[in-house]
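*Asks:* Heads up, the sequence shown is in the UniProt record's numbering, so the first residue is 1 and it goes up one at a time. Glycine residues also receive a C-beta, built at the ideal position from the N, C-alpha and C atoms. Quantities reported herein were computed from a predicted structural model and do not represent experimental measurements.
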Amino acid sequence: MQPLSLPPRLLMGPGPINCYPRVLSAMSTQLVGQYDPTMTSYMNEVMALYRRVFNTKNQQTFLIDGTSRAGIEAALVSCLEPGDKVLIPIFGRFGHLLAEIAERADAQVHTIEVPWGEVFDPQQIEDAIKKIQPKLLAIVQGDTSTTMFQPLEALGDICRAHDVLFYTDATASIGGNPLEVDAWKIDAVSVGLQKCLGGPSGSAPMTLSDRFVSCVRKRAHVEAGIRDAHHQGSSGMRIRSNYFDLPMIMDYWGDERLNHHTEAATMLFGSRECAIQLLNEGQDAVIQRHQLAGEAMLQGVLALGLKPFGNLKHKMTNVVGVYIPDNVDGEKIRHDLLNIFNIEIGTSFGPLKGKVWRIGTMGYNARQDAVLHTLQSLETVLRRAGFALPAGAAVDAAMAVYSGEV
Numbered sequence: 001m002q003p004l005s006l007p008p009r010l011l012m013g014p015g016p017i018n019c020y021p022r023v024l025s026a027m028s029t030q031l032v033g034q035y036d037p038t039m040t041s042y043m044n045e046v047m048a049l050y051r052r053v054f055n056t057k058n059q060q061t062f063l064i065d066g067t068s069r070a071g072i073e074a075a076l077v078s079c080l081e082p083g084d085k086v087l088i089p090i091f092g093r094f095g096h097l098l099a100e101i102a103e104r105a106d107a108q109v110h111t112i113e114v115p116w117g118e119v120f121d122p123q124q125i126e127d128a129i130k131k132i133q134p135k136l137l138a139i140v141q142g143d144t145s146t147t148m149f150q151p152l153e154a155l156g157d158i159c160r161a162h163d164v165l166f167y168t169d170a171t172a173s174i175g176g177n178p179l180e181v182d183a184w185k186i187d188a189v190s191v192g193l194q195k196c197l198g199g200p201s202g203s204a205p206m207t208l209s210d211r212f213v214s215c216v217r218k219r220a221h222v223e224a225g226i227r228d229a230h231h232q233g234s235s236g237m238r239i240r241s242n243y244f245d246l247p248m249i250m251d252y253w254g255d256e257r258l259n260h261h262t263e264a265a266t267m268l269f270g271s272r273e274c275a276i277q278l279l280n281e282g283q284d285a286v287i288q289r290h291q292l293a294g295e296a297m298l299q300g301v302l303a304l305g306l307k308p309f310g311n312l313k314h315k316m317t318n319v320v321g322v323y324i325p326d327n328v329d330g331e332k333i334r335h336d337l338l339n340i341f342n343i344e345i346g347t348s349f350g351p352l353k354g355k356v357w358r359i360g361t362m363g364y365n366a367r368q369d370a371v372l373h374t375l376q377s378l379e380t381v382l383r384r385a386g387f388a389l390p391a392g393a394a395v396d397a398a399m400a401v402y403s404g405e406v
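1) Using a Cβ-Cβ cut-off of 6 Å (strictly less than) and excluding sequence neighbours within five positions of residue 273, which residues of its own chain qualify?
2) Would you tell me roughly how many angstroms separate the C-alpha atoms of residue 164 and residue 139, rounded to the nearest one?
3) Which one of 278, 223, 243 has the shortest CA to CA distance from residue 234?
4) Since residue 31 and residue 391 should fall inside the 8 Å C-beta cutoff, what is the C-beta to C-beta distance between them, to a whole number of angstroms?
5) Locate the beta strand (DSSP E) running through residue 323, then write down its first and last residues.
6) Enumerate, from N- to C-terminal direction, the unbroken beta strand (DSSP E) stretches of 3 or more residues contained entirely within the region 63-149.
7) Alpha carbon to alpha carbon, how far is residue 388 from residue 72? Give it in angstroms, no decimals.
8) Less than 9 Å between the beta carbons of residue 182 and residue 56, yes or no?
9) With DSSP run on the structure shown, which of helix, strand or coil describes residue 357?
10) Have a look at the DSSP bridge pairing and note the partners of residue 216.
11) Please confirm if the region 148-156 is in contact with the region 100-109, defined as three or more CB-CB distances below 8 Å between the two stretches.
12) By DSSP's criteria, residue 60 is part of a beta bridge. Which residues make up the other side?
13) Please identify the residue among 137, 212, 240, 113 whose C-alpha is closest to the C-alpha of residue 250.
14) Quick one: what's residue 10 bridged to in DSSP?
15) Look at the alpha carbon of residue 171 and the alpha carbon of residue 324, and state the distance between them as a whole number of angstroms.
16) Determine which residues share a DSSP beta bridge with residue 308 and list them.
17) Tell me the DSSP secondary structure of residue 17 in three-state form.
18) Just how far apart, CA to CA, sit residue 374 and residue 84?
19) Can you grab the Cα-Cα spacing for the pair residue 192 / residue 203, in whole Å?
20) According to DSSP, which residues form a beta bridge with residue 165?
21) In whole angstroms, what is the alpha-carbon distance linking residue 285 and residue 173?
22) For residue 300, which of 142, 376, 318 has the nearest alpha-carbon?
23) Please identify the residue among 5, 58, 20, 396 whose C-alpha is closest to the C-alpha of residue 197.
24) Just to check my reading of the structure: residue 137 and residue 87 have Cβ atoms closer than 8 Å, yes? What is that Cβ distance to the nearest angstrom?
25) Whole angstroms are fine: how far does the CA of residue 186 sit from the CA of residue 340?
26) In the DSSP assignment, the beta strand (DSSP E) including residue 188 goes from what residue to what residue?
27) What does the Cβ neighbour count give for residue 125, buried or exposed, with the cut at 16 atoms within 10 Å?
28) DSSP three-state label for residue 174, please.
29) If we ignore side chains and look at the alpha-carbon of each, how far apart do residue 318 and residue 297 end up?
30) Between which two residues does the alpha helix (DSSP H) carrying residue 387 extend?
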């Protein structure tokens, strides 16, 4: 058997992306025991780092071992008891995912929808809250299926006014777009590493407000075999998932270090480096870099004569949707980009399947050479497929953005 040998792909789709080299290096570090003081000190450091990443003072800020979906599931199954009402505004595929998970928790799921390519006005959400009176508002901040970015700034005050908990999945947006957990009064946020944070999938950073912690602590349960006399029983229904039981995970990350699972040390090392990479460069600088790369990519595809998807006023900085031109085989273009130029771009889901490409500029790949190489290669593949376009215009348009000409 041969050692791993992967092609040198440039991942310019909606995620995952190429990792920062320092993240890969950190993940090659040898292990120590899960209760070794060195290990627990790094766990504490990761908690502190991600408070800064999330812009929060929340004590309960930690990692869920699993992909970003693990963080979503932990938040929803720990908060929602059977029969609880949850409001989920859907503007893309991942809003449907939140509804799916909430349904599996036997919650009463209420949804409102806007067409893919649009986002919600806060008044639409407040009107639905007044009508439904949910326990929880659950919404995606950035949905890569549509490339849209939902404004959250006003929603925290709306939720507090109506005594509703506020959760968001910010996997696709964090790092490349603003996220102010405390200032926006968000009660729970979960994310992944594989987008703008520049890491691999496999760890889900999460932060919880005191309000959210009080809610899930009512369902706290300590397993037989590690339960001591001072541990109290829960006043609420036991959380149906053992692995995604947030009170037990908080006890594992807390001072008592109650055994729950064995921390995924390699992912913790990678998560730590993702946070350090972001904070050393500076959050504002990283967001600006994503804005620049995203605008360069957008101007480049426009110069190719391609039509962007959705309301550009609400587009994420880090991914652009592009309508596949008529008389062009979209999958053939993706195949040739991948197999000739080693560049991956994405297709889409649901009503956009086969109609839209999604081109990302995220994390380590939100840089000038990656943008220019992708545009030049896309131009070549489209031209060879018979699509009429102005030669060199895409790269020129992107370079104009980078030089400050537009």
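*Replies:* The short version:
1) In the sequence shown, counting from the first residue as 1, residue 273 sits at position 273. When the five nearest sequence neighbours on each side are left out, the beta carbons in the same chain lying within less than 6 Å of the beta carbon of residue 273 are those of 22, 23, 26, in order along the chain.
2) Residue 164 sits at position 164 when you count from the first residue of the sequence shown. Residue 139 sits at position 139 when you count from the first residue of the sequence shown. When rounded, the distance between both Cα atoms is 13 Å.
3) Position 234 of the sequence shown, counted from the first residue, corresponds to residue 234. Minimum Cα distance to residue 234 is reached at 223.
4) For the purposes of this step, residue 31 is identified with residue 31 of the sequence shown, where counting begins at 1. For the purposes of this step, residue 391 is identified with residue 391 of the sequence shown, where counting begins at 1. The C-beta separation of residue 31 from residue 391 comes to about 53 Å, leaving the pair out of contact by the 8 Å criterion.
5) Residue 323 sits at position 323 when you count from the first residue of the sequence shown. Per DSSP, residue 323 belongs to the beta strand (DSSP E) from 319-323.
6) 85-90, 108-113, 136-140
7) If you number the sequence shown from 1, residue 72 lands on position 72. If you number the sequence shown from 1, residue 388 lands on position 388. Take the alpha-carbon of residue 72 and the one of residue 388: they are about 44 Å apart.
8) Here residue 182 refers to the residue found at position 182 when the sequence shown is read from its first residue. Here residue 56 refers to the residue found at position 56 when the sequence shown is read from its first residue. Yes. Within cutoff.
9) Looking up residue 357 in the sequence shown gives position 357. Residue 357 falls in the strand class under three-state DSSP.
10) As a first step, residue 216 is located in the sequence shown; it is residue number 216 there, counting from the start. Residue 216 pairs with nothing; no bridge assigned.
11) no
12) Counting from one through the sequence shown, the residue named residue 60 turns up at place 60. BP columns for residue 60 point to 208.
13) Start at 1 with the first residue of the sequence shown, and residue 250 comes out as number 250. The alpha carbon of residue 250 has as its nearest neighbour, out of 137, 212, 240, 113, the alpha carbon of 212.
14) Residue mapping note: residue 10 aligns to position 10 of the sequence shown, counting from 1. Residue 10 pairs with 343.
15) In the sequence shown, counting from the first residue as 1, residue 171 sits at position 171. In the sequence shown, counting from the first residue as 1, residue 324 sits at position 324. Between the alpha carbons of residue 171 and residue 324 lies a gap of roughly 26 Å.
16) Residue 308 sits at position 308 when you count from the first residue of the sequence shown. Looking at the DSSP assignment, residue 308 forms a beta bridge with 322.
17) Taking the first residue of the sequence shown as 1, we reach residue 17 at position 17. Three-state DSSP puts residue 17 in coil, outside helix and strand.
18) In the sequence shown, residue 374 corresponds to position 374, counting from 1. In the sequence shown, residue 84 corresponds to position 84, counting from 1. Per the coordinates, the alpha-carbon of residue 374 lies some 47 Å from the alpha-carbon of residue 84.
19) For this step, residue 192 is matched to residue 192 along the sequence shown. For this step, residue 203 is matched to residue 203 along the sequence shown. Taking the straight line joining both Cα atoms gives about 6 Å.
20) As a working note, residue 165 is residue 165 in the sequence shown. Bridge partners of residue 165 according to DSSP: 136.
21) Numbered from 1 along the sequence shown, position 285 holds the residue referred to as residue 285. Numbered from 1 along the sequence shown, position 173 holds the residue referred to as residue 173. About 15 Å.
22) Taking the first residue of the sequence shown as position 1, residue 300 is located at position 300. Nearest option by C-alpha distance: 376.
23) To locate residue 197, count along the sequence shown from 1; it is residue 197. Residue 197 has its Cα closest to that of 20, out of 5, 58, 20, 396.
24) Indexing the sequence shown from 1 puts residue 137 at position 137. Indexing the sequence shown from 1 puts residue 87 at position 87. Between residue 87 and residue 137 the Cβ distance is about 5 Å, and since that is below 8 Å, they are a contact.
25) As a position in the sequence shown, residue 340 is number 340, starting the count at 1. As a position in the sequence shown, residue 186 is number 186, starting the count at 1. Straight-line Cα distance between these residues: approximately 45 Å.
26) The residue labelled residue 188 in the question sits at position 188 within the sequence shown. Note, residue 188: beta strand (DSSP E), 188-190.
27) Indexing the sequence shown from 1 puts residue 125 at position 125. Residue 125 is buried by the Cβ-count criterion.
28) Looking up residue 174 in the sequence shown gives position 174. Strand, per DSSP.
29) Taking the first residue of the sequence shown as position 1, residue 318 is located at position 318. Taking the first residue of the sequence shown as position 1, residue 297 is located at position 297. Each residue's Cα considered, the two are about 9 Å apart.
30) As a first step, residue 387 is located in the sequence shown; it is residue number 387 there, counting from the start. Unbroken run through residue 387: none, as it is neither H nor E.
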